[in-house]
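J.: If you read the sequences in order, they're chains A and B.
Just so we're aligned, residue 0 is where the first sequence starts under numbering that gives the first Met the number 0, counting upward by one.
Just so we're aligned, residue 0 is where the second sequence starts under numbering that gives the first Met the number 0, counting upward by one.
2 protein chains.
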Amino acid sequence: MNWPKNKRVLALCGGVGGAKLALGLTQVLGPDQLSIVVNTADDFDHMGLRICPDLDTVTYTLSGLSNQETGWGRANESWRCMEALRALQGETWFKLGDLDLATHLYRRTQLDKGLSISEVTADLCSKVGIEHSVIPMTDERIETEVKTASGWIPFQRYFVEQQCQPVISAIRFVGSEQAKPSPGFTQELANHDLGCVIICPSNPFLSIDPLLSLLGVREQLAKLQVPVLAVSPVIGGKAVKGPTAKIMQELSLEVTGNTVAAHYSDFLSGFIIDSTDAAEAVALPSSLSVHTCNTLMKTLEDRVMLANECLQLATRMQ
Amino acid sequence: MNWPKNKRVLALCGGVGGAKLALGLTQVLGPDQLSIVVNTADDFDHMGLRICPDLDTVTYTLSGLSNQETGWGRANESWRCMEALRALQGETWFKLGDLDLATHLYRRTQLDKGLSISEVTADLCSKVGIEHSVIPMTDERIETEVKTASGWIPFQRYFVEQQCQPVISAIRFVGSEQAKPSPGFTQELANHDLGCVIICPSNPFLSIDPLLSLLGVREQLAKLQVPVLAVSPVIGGKAVKGPTAKIMQELSLEVTGNTVAAHYSDFLSGFIIDSTDAAEAVALPSSLSVHTCNTLMKTLEDRVMLANECLQLATRMQ
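Printed below as a string of structure tokens:
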């Protein structure tokens, strides 16, 4: 795929699923052609450390440090600190590997020096050899909470500690009403060289909505004169990973790509669904440029291929 | 040694050297007979964690978790987090092992819940099976600083990062003017069952002076009607470990037990010096009950023996 050298691509993503496509995009676009804006509403303070699950998944994935099997955390990880913490009856529900801990300790140190999360992320990326821009969605604190039968609970308690067991009736992003996008995100949205926006196959309600909830972002996306594409995270009525399908059901939404497209309807111009869902395309709005291909990313080759499919669709839509 | 069941011993100590005698005392006194008050002026905040070197050395020593070779840190330690942090060019000058990190993460979590350092220490002791009371000298923050040619610097920067290389011209305990002893320390000093106070062979200027600098402590020690003993940390003109001798020279003090006794003169009633320094005893004030014995603690047996020597001297002085 020969994407124009002078055109930039803005990818929006959450954790594991989004990071796969982000990795694919880094393989076909140069550092001056791609920026990846990442959800930070899952971030939380834990034992004095700032944990940024989606940012870390993206940076570990792009740098080759990631655990390929789990999709999160680092390869060749060990758990001695967690074992010692368990002996103290400390908080071990959120697993922090010995290597992973270094990232959190480093981030804490840099944040304590007064650096923003954008600055700390850029620094961490440079330290692990990532040349593409990885940008936190905001430098302000936003915290996802989910409403369950026992009230609003912090996202990581739901997602990790309770393993997505509770039924969700609502989702909110505490702090988002007043939060501005980070300087990098703002700059990319306003960039004259922007060629397209790609919404990675992340959970629309948990991973992408936080980005869209930031001041002006949704409106700016709607005004863009360039293609805004999304890759559906739903394949054959199921999510590849995570609680997307379960949450959609609990929110009384049909578990289809069409629901996802409708969720983004005010700004979406292109939509990629898996070949197995080709029959669903007829129900999508005729205004939408729909493309079907394999969207399941098992290998690096799959990631690169999907990245190319996205860029090809964007090119056809120009 | 049959120390009276109903009489309490209050031991004051710093890190490695003091912890050895504290361990000896726990072998001959029951949990209801002994309290160990520990220096916390070396504590510092580092990468978001609260590090308490002397408290940890004492608790690791008493619980059997300590690294016998170094005297600090934990046995069977690993350094994977530090290695990953080094790759990020993070702060690795203060070595935190993977197991040791669990203690600091746990402490941070408990302090963030609003618990005092006394409460957190009692909790940590119970988790690792220590039955004797280990009491931080104060629940307030006091920070040792040393004056060098390049100005006042925090203690751990001097002690660990610069390995005691700079010449010291003064020592101060920032915050100590207004700081009260911890509730446990206050209670022990006022306890009607107090039978004696033992100042462990810790650095008088860095490890014991912080305890003495707390509001009213020095005055209360001077008023006690029971023996107040010290074990000299100087043997044959040298300190067993650490920078005691170097610092004494830099402060233009003679490196002898007599200097240590003079430093404690307003409250000291008994003094134990090593047999090799027996000749120096003649120069000590006649008001002081002096005892000479082996004070070098290489084995557990040595520690127990010195503990017994202390209690025997206190008994003779009643």
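Glycine included, each C-beta is placed from N, C-alpha and C at the ideal position.
Just checking, does the segment 54-65 of chain A make contact with the segment 7-23 of chain A on the three C-beta pairs under 8 Å criterion?
T.: yes
J.: Taking 8 Å as the threshold (beta carbon to beta carbon), is Q248 of chain A in contact with chain C?
T.: Checking the listed chains, one finds no chain C in this structure; the protein chains it contains are A and B.
J.: In whole angstroms, give me the CA-to-CA distance for E160 of chain A and M46 of chain A.
T.: Roughly 15 Å between the two C-alpha positions.
J.: Mark S286 of chain B as exposed unless 16 or more other C-beta atoms lie within 10 angstroms of its C-beta, in which case mark it buried.
T.: exposed
J.: Going by DSSP, what residue range makes up the beta strand (DSSP E) through K146 of chain A?
T.: 142-147
J.: Counting contacts by CB-CB distance shorter than 8 Å, is L54 of chain A in contact with chain B?
T.: no
J.: List, from N- to C-terminal side, the beta strand (DSSP E) runs of 3 residues or more that fit wholly inside the segment 230-299 of chain A.
T.: Within the segment 230-299 of chain A, the runs of beta strand (DSSP E) that reach at least 3 residues and sit entirely inside it are, in chain order, 269-273, 288-292.
J.: Just the C-alpha distance for T39 of chain A and K179 of chain B, rounded to the nearest angstrom, thanks.
T.: 42 Å
J.: Enumerate in chain order the residues of its own chain whose CB-to-CB distance from T275 of chain B is below 6 Å, with the five nearest sequence positions on each side excluded.
T.: G235
J.: Can you give the Cα-Cα distance for T25 of chain B and Q32 of chain B, rounded to whole angstroms?
T.: 9 Å
J.: Along the segment 120-153 of chain B, what residues have a CB closer than 8 Å to any CB found in chain A?
T.: L123, K126, V127
J.: The alpha helix (DSSP H) with H103 of chain B in it runs from where to where?
T.: 97-111
J.: Return helix, strand or coil for G13 of chain A, following the three-state DSSP convention.
T.: coil
J.: Would L310 of chain B and V27 of chain B be called neighbours here (beta carbons separated by less than 8 Å)?
T.: Against a cut-off of 8 Å, the Cβ pair of V27 of chain B and L310 of chain B comes out as a contact.
J.: Please return the same chain residues whose Cβ sits closer than 7 Å to the Cβ of H283 of chain B, not counting the five positions on each side in sequence.
T.: According to the sequence as given, residue 283 of chain B is Leu; it is not His. Counting only residues of its own chain and dropping the five nearest sequence neighbours on each side, L283 of chain B has a CB closer than 7 Å to the CB of N257, A260, F270, V289.
J.: Which residues, taken in chain order from the segment 286-309 of chain B, show a beta carbon closer than 8 Å to some beta carbon of chain A?
T.: none
J.: Helix, strand or coil: how does DSSP classify V57 of chain B here?
T.: helix
J.: Could you check the C-alpha separation between S318 of chain B and S168 of chain B for me, to the nearest Å?
T.: Since the first residue of chain B shown is 0 and the last is 317, residue 318 of chain B is not available in this structure.
J.: Nearest chain B C-beta to M46 of chain A closer than 8 Å, yes or no?
T.: yes
J.: Just to confirm the assignment, what range does the beta strand (DSSP E) spanning D138 of chain B have?
T.: Neither: D138 of chain B is in no beta strand (DSSP E) and is coded neither H nor E.
J.: Taking just the CA atoms, how far does G128 of chain A sit from E253 of chain B?
T.: 55 Å
J.: Can you list, in chain order, the residues of its chain with a C-beta nearer than 6 Å to that of P242 of chain A? Leave out the 5 residues immediately preceding and following it.
T.: Once the five neighbours on either side are set aside, the close Cβ partners of P242 of chain A are C163.
J.: What residue range does the alpha helix (DSSP H) around G47 of chain A cover?
T.: Where G47 of chain A is concerned, there is no enclosing alpha helix (DSSP H), given that its DSSP letter is neither H nor E.
J.: Output, in chain order, the set of chain B residues within a Cβ distance shorter than 7 Å of E90 of chain A.
T.: T108
J.: Among residues of its own chain, excluding the 5 on either side of K19 of chain B, which ones have a beta-carbon nearer than 6 Å to its beta-carbon?
T.: M296, R302
J.: For A101 of chain A, go through chain B and note every residue whose CB falls closer than 9 Å to its CB, in chain order.
T.: R79, C80, M81, E82, A83, L84, R85, A86, L87, G89
J.: Kindly indicate which three-state DSSP category A86 of chain A falls into: helix, strand or coil?
T.: helix
J.: Touch check for the segment 97-107 of chain B and the segment 62-82 of chain A: three-plus C-beta pairs under 8 Å?
T.: yes
J.: What in chain A is Cβ-close to Y59 of chain B, meaning under 9 Å?
T.: None at all; the shortest Cβ gap to chain A is about 12 Å.
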